[in-house]
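In terms of UniProt numbering, the numbers along the sequence shown are unbroken and rise by one, the last being 575.
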Amino acid sequence: MKFMVRVALTQNLTMFYRRLIRSDPLRIPLLIASWILTKALEMFSYVHFLGLDMSEITEGYLCPECLLNLSSEAALVSHFEKNHVPALQDNEVEKLAQDYKDLALDQPVDVVRSRLSLLEHIISSLLEGKLAPQSIPEIDLKPKLQEFLEEQVNRRTENDALILQLTTERDSALSEIGQLKDLSVQLQSQLQTRCYDLSAKEKELTEVKERLKDSSTKLEASENERHTFPVQPKEQSPNSQLNERLEGDLQEIEPKTLNPSEQLIVELQEEIDALKTNLDDLKTTLNYLKSENKALVDKITALSLEVQVKEGQIEEFEKTVKVMRGNEKTLQNSLDEAEGAAKQKDATIKSLQQELHQFMSDAKAKSDECDRLTKHINNLTSESNSVNETNAKLNVELNELRTQLTRLVDSENALKQKLVEMDSTLASQNVELGNRASIVTELESKLNSTYAEHQALMDQLIESQNRSKQLETALQTSHQELEGLQRIVLDLGRQNQALQITQDRLTNRQWVSDESVQFCSNCQKEFSISVRKHHCRYCGKVFCQACSSKKTATSASKDPLRVCDACFAELTGAW
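In structure tokens:
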């Protein structure tokens, strides 16, 4: 049963510290976590002696002060701050800090190396743009910074080449668009000229049609005139000679009159044929001009669409160039920030290396001490187990002795009963007394030997009981020592939890940006040209001159730095 209880609590505490480490690897010192896990076995027996229900504490988050099972880490922190943090006195905090300084903060070499690997990973994330420069740990940045600078130079060269290529493409597209516009203007002028020619041809065609109509009218008039000019019949007149002369004159005049009319008709017919030919030519030219006009309109539409596409491409190119210029400025700012951070971090490399050497020198001593304590606990556990086994063996032997004693008592009772019977029959057997004297003597000798054996067994029983009491006393002493160690483990757990919560409050402080603050964080005074902004170098918040005029040394710097009133009180109280 004790073994099952220990296994259950081992799983529970292991789960608890794994969750703490997984939520924030730098939250608790790894050496303290390892040391507490090695002492978990002693804590199990203490919990078992308290009579707690194991089903209630096998899952979730346990409070190290009252062992209350909570549902989440936030609930654990809130419960601890509400119920247990006020009980810690200043001297206890100082003592706990000294204990951490002496026992916990000197981490082994492997832990320091793992921490350095973690910090290098954080720097890699920063160089990839995932972290702020203020959160970079103090480690060697030269290789990463050199690689980052080379990458930025290469990226800037590629951006310049791409910008040059885009500019060239934009210029070529602009020139092509200009050519297309000129061609469009030329085609439009040609189209307008053709339209003018077409209008002139149509006007000329109308004039020719009118002339043809006039000619036809004249021709019809001439025909009518010729047919309506009849030869007058000869009348009897006294002037017959005059009539004859007139007829002769008419015959002479008629050919002269008919010849110009026929000539005019021929000329008009030729002119009509010429006009028809010219009309056919004009119709052909008109159809050709219409088809060419349609082709020019289609070409102008296609050129307009192409011009729109080119203008869209130019706008996209200009947007791309603007974005790339913005990226170039951003990269340049990041490069400047990284260079500044590198200069700041190079100053702390030597101190970190010295600290690493100190850790390496102290790690072996602390590891040996932990091994010695672990061996001591294991020895106590093995001794307790051996005492339990010896006690069990003595109990078995005691039961066997009691069984033998019972048998002897039964034998004694039987002998006594037999002796009584013999006494009762002694009177009647006085005659046989002489014969039975030897038998009685023999029986008495057996009885004496039985008494002696019984006395020896009783002495052994008393000695076994005394030895059992001594073993029980030693077992109680071992349990008392074990309980003392368990109390030490619980005290360390409570102190560790309190420091974790204090560390959470300290690590949650962030540097506040100037642009995001318009009022003093203390007096709520609005910032202006006369009221300037000042950062507290400890909590990172923004204050006015009056609320951040004090200076004191911090854990990050030995020189006095500007801090707010609250941080000044905290730091001077801590010192």
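For glycine and all other residues, C-beta sits at the position ideal for the given N, C-alpha and C.
According to DSSP, is residue i helix, strand or coil?
i	result
Glu-73	helix
Phe-543	strand
Glu-337	helix
Glu-267	helix
Glu-526	strand
Thr-572	helix
Val-431	coil
Let's see if you can read the secondary structure: which residues bound the beta strand (DSSP E) around residue i?
i	result
Thr-552	550 to 552
Leu-561	561 to 563
CA-CA distance, residue i and residue j?
i	j	result
Ala-498	Ser-78	12 Å
Glu-318	Glu-311	10 Å
Glu-169	Leu-162	10 Å
Leu-571	Gln-510	17 Å
residue 587	Val-387	Any answer about residue 587 is impossible in this case: the structure gives the chain only from 1 up to 575.
Asn-413	Ser-478	44 Å
Ala-274	Gln-186	35 Å
Lys-181	Cys-195	21 Å
Leu-289	Glu-207	20 Å
Gln-179	Glu-204	37 Å
Gln-465	Gly-434	47 Å
Ala-295	Asp-197	17 Å
Gln-344	Val-517	26 Å
Asp-559	Ala-553	5 Å
Val-307	Gly-326	28 Å
Leu-76	Leu-492	17 Å
Glu-444	Gln-470	39 Å
Thr-193	Asp-281	18 Å
Glu-337	Gly-540	18 Å
Glu-267	Asn-224	18 Å
Asp-171	Ala-546	59 Å
Gly-573	Ser-521	22 Å
Lys-533	Leu-373	54 Å
Ala-74	Cys-63	12 Å
Glu-515	Phe-527	11 Å
residue 650	Phe-80	In the structure as shown, the chain starts at 1 and stops at 575, and residue 650 therefore has no counterpart that could be examined.
Lys-375	Glu-400	37 Å
Take residue i as the anchor and find which of the options has the nearest alpha-carbon.
i	options	result
Leu-279	Lys-209, Asn-435, Asp-160 and Lys-82	Lys-209
Ile-529	Cys-523, Phe-519, Cys-536 and Lys-294	Phe-519
His-535	Gln-188, Leu-561 and Glu-526	Leu-561
Ala-556	Cys-564, Arg-537 and Gly-178	Arg-537
Val-323	Gln-545, Asn-496 and Asn-159	Asn-159
Asn-154	Lys-416, His-376 and Gln-332	Gln-332
Ser-215	His-376, Glu-270 and Ser-411	Glu-270
Val-396	Ser-468, Asp-336 and Ser-449	Ser-468
Lys-446	Ser-411, Val-431 and Gln-465	Ser-411
Gly-184	Gly-493, Asn-293, Asn-399 and Thr-285	Inspection of the sequence shows that residue 184 is occupied by Ser rather than by Gly. Of the listed residues, the one whose Cα sits closest to Ser-184 is Asn-293.
Lys-416	Tyr-451, Glu-432 and Gly-434	Tyr-451
Ala-173	Glu-315, Thr-284 and Cys-567	Glu-315
Cys-523	Val-542, Leu-166, Asp-514 and Ala-302	Val-542
Ala-392	Ser-449, Asp-171, Lys-218 and Glu-472	Glu-472
Leu-286	Ser-351, Ser-199 and Val-512	Ser-199
Ser-189	Glu-147, Ser-291 and Ile-300	Ile-300
Ile-462	Leu-398, Asn-430 and Val-512	Leu-398
residue 581	Glu-202, Leu-426, Cys-564 and Ser-428	Limits of the chain in this structure are 1 at one end and 575 at the other, which puts residue 581 out of reach.
State yes or no: is the C-beta of residue i nearer than 7 Å to some heavy atom of the ligand MG?
i	result
Cys-370	Looking at this structure, you won't find the ligand MG or any other ligand, since it has none at all.
Is residue i close to chain C? Criterion is C-beta to C-beta, closer than 8 Å.
i	result
Lys-299	Judged by its chain identifiers, the structure shown contains no chain C, having just a single protein chain.
Item to complete: May I ask you to verify whether the stretch 415 to 424 touches the stretch 482 to 496, counting CB pairs closer than 8 Å and requiring at least 3?
Response: no
Is the number of C-beta pairs between the stretch 402 to 420 and the stretch 453 to 473 that are closer than 8 Å three or more? yes
Count Cβ pairs between the stretch 365 to 380 and the stretch 429 to 446 that sit closer than 8 Å; are there 3 or more? no
Inter-stretch contact at 8 Å, needing at least 3 Cβ pairs: the stretch 467 to 481 / the stretch 371 to 388 = yes
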